[in-house]
Amino acid sequence: MSIEFQVPDMTCGHCVKTITGAVTAAAPGASVAVDLPAHRVTVTGTDQADKVEAAIRDAGYEPQRV
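Numbered according to the numbering used here, the sequence shown terminates at residue 411, and the numbering increases by one at each position without gaps.
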């Protein structure tokens, strides 16, 4: 299972690191793949979409589920 988010305000490597850390803290064992030019975050290894989305929001970003 994978969960995808569009994160338009993710613009740099620091953003990637922050989001990756937030997601892995909220969903231990999940894998995070980021396509920075496309502003897309794909999370696998968890089915807790709401928890992952909340973690990204708490990190200061505006994810939109794809």
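Quick reminder that beta carbons are idealized off the backbone N, C-alpha and C, glycines included. Computed from a predicted structure; not experimentally measured.
Beta-carbon proximity of residue i to residue j, cut-off 7 Å
i	j	result
I348	V379	no
A372	Q393	yes
Y406	V352	yes
T363	A404	yes
I350	R402	Checking the displayed sequence, the identity of residue 350 turns out to be Phe instead of Ile. Taking 7 Å as the Cβ cut-off, F350 and R402 do not qualify as a contacting pair.
Of the listed residues the options, nearest to residue i (C-alpha basis)
i	options	result
H359	A370, L381, P373	L381
T365	V388, A394, V411, E407	V388
T346	Y406, P408, V377	Correcting the residue type first, residue 346 is Met in the shown sequence and not Thr. Among Y406, P408, V377, the Cα nearest to that of M346 is on V377.
Residue burial classification, residue i (beta-carbon count within 10 angstroms, cutoff 16)
i	result
T391	buried
P408	buried
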